[in-house]
Structures are given as C-alpha cells and as structure tokens.
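Engineer:
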Ligand code: SF4
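Residue numbers (this note's numbering): 932 to 1154.
#1: Mind checking residue 932: buried by the 16 CB within 10 Å criterion, or exposed?
#2: Out of 1122, 1107, 1044 and 1030, point me to the one whose CA is closest to residue 1072's CA.
#3: Beta carbon of residue 980: closer than 7 Å to some heavy atom of ligand 1?
#4: Between the C-alpha atoms of residue 1030 and residue 1153, what's the straight-line distance to the nearest angstrom?
#5: What is the DSSP secondary structure of residue 1143, counted as helix, strand or coil?
#6: Would you call residue 1006 buried or exposed, if buried means 16 or more other Cβ atoms sit within 10 Å of its Cβ?
#7: Closer than 7 Å by C-beta to residue 1056: which residues in its own chain qualify, once you throw out the five before and the five after it? Chain order, please.
#8: Give a yes or no on contact between the segment 1029 to 1044 and the segment 954 to 974, applying the rule of three or more CB pairs nearer than 8 Å.
#9: Just confirm the distance between the C-beta atoms of residue 1026 and residue 985, as a whole number of angstroms; I'd bet it's less than 8 Å.
What follows is the structure, encoded as structure tokens:
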C-alpha cells in the first residue's frame, strides 16, 4: 500500500531529470542568500574553519575562529606553539585533541608540499591529515572549483524527499546528484538544500504549504 502511494506520488511529479532544473531555479530565488555559514577571510582560514566544523555547529566554529584567526595567521603559526596551546584555543569546537593534531599535520604538509598554499584539487586536499572527502569538497567548492557535491544530513534528507535519489549512502547520493545537476551548480546546490532544509523542509516538520517546490516534490503533503 505504502509502496503504491510512493509510486503514485513519483508519477504525479514526473521524472527527476525534468524536475531538477525548476527545483534549482526556484530554490535559488527563494534563498538568494544561501552560502556557507562559516566566516573566513583567506583560503587558509577557510580550510581551518571547515576542519574545525566536524561534529559541531558553524555558529560554534565562528565563535572560536573569531579569536583563533587573530593569533594564527600563517601555517607556521600553528606549528610555533605547543600542541596543548592549540588544543586550548580550539577546545570549544569539541574533539580538540584530534583536531589540533590534524591542524598541525596539515600545516606541516602545506609547508612541505604545497609551498604554504591551500591546494585546490580534491585529490590533493584529501592528502592533508584529517581532511576527509567531504571537507575537501567543501573547500574546493568555496574556492570556485567544485569537483564533487557535498552531502551532509540536510542534503541527504532533501535529496530523498525530493525524489532525486533512492540511496542512503552519501557516496551513492553524491553520484546521483552529479548525474542530474550541471557541474556549474555543484557548489551551489548543497547550500540551497541546506538552507531550504533549515528554513522550510526541516527534519521533523516540513512546511510543505510554504514550500516553493511542493508541486515538484513526491513527498509533499499539500494535496
Ligand atoms: S514539499 Fe515538503 S517535503 Fe517536499 S521539499 Fe517541500 S517541504 Fe520538503
């Protein structure tokens, strides 16, 4: 019964290839301010912010980095203090030991292999200690060269609700989205879905009646 209901909803809205264009367009209009919530002024600050954002909120990271970035301006600065001092300075972001170690390892590698600059390619970024694929994707996209699509909890939930994927695994969801969305939108799409997910299509109570894509969404509760 539930299955046939889902099938009927999918038929009603049509194939995802036909829906993705208007979905992206309308979300862009609804959330013109959708962008990364982390605050940074340089490529190095971007990388550090994204590394610190694991397992915590962007608001929390911004609170910590407001002071951190006054003290640590170059890769050398992270290596010039004892590890414990760096741990204290990033303590409030959680997992501070792990993160301090990753930051110091990353700074050392930036200096040794990349001339102190943040690399732009995902395959280079993932070589940095503590930089996973998701972090690398976020950094590359913000540097204007998206090479993948960031799949976080909001992107996963909205992609599923909007019928853009049937998968649970973030790697498979990313693959589905890459096939559907033009490369020029790979960097923007996650921000649109994250902001729509926070403002309208929340995990607990999606506000379908206020949603600009409700007629294109097989999960819409609007009849
Ligand atoms: S119609 Fe409802 S379920 Fe679908 S994207 Fe909008 S808020 Fe989410």
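Note that CB positions come from ideal geometry on N, CA and C, so glycine has one too.
Structural biologist: Working from what's here:
#1: Residue placement at residue 932 cannot be trusted, given a pLDDT of 44 that sits under 50; what the coordinates show is reported in the next sentence. Exposed: under 16 other Cβ atoms inside 10 Å.
#2: For residue 1072, the closest alpha carbon among the candidates 1122, 1107, 1044 and 1030 is that of 1122.
#3: no
#4: 44 Å
#5: coil
#6: buried
#7: 1050, 1062, 1067, 1070 and 1071
#8: Under the three-pair Cβ rule at 8 Å, the segment 1029 to 1044 does not count as touching the segment 954 to 974.
#9: That pair is a contact at about 7 Å.
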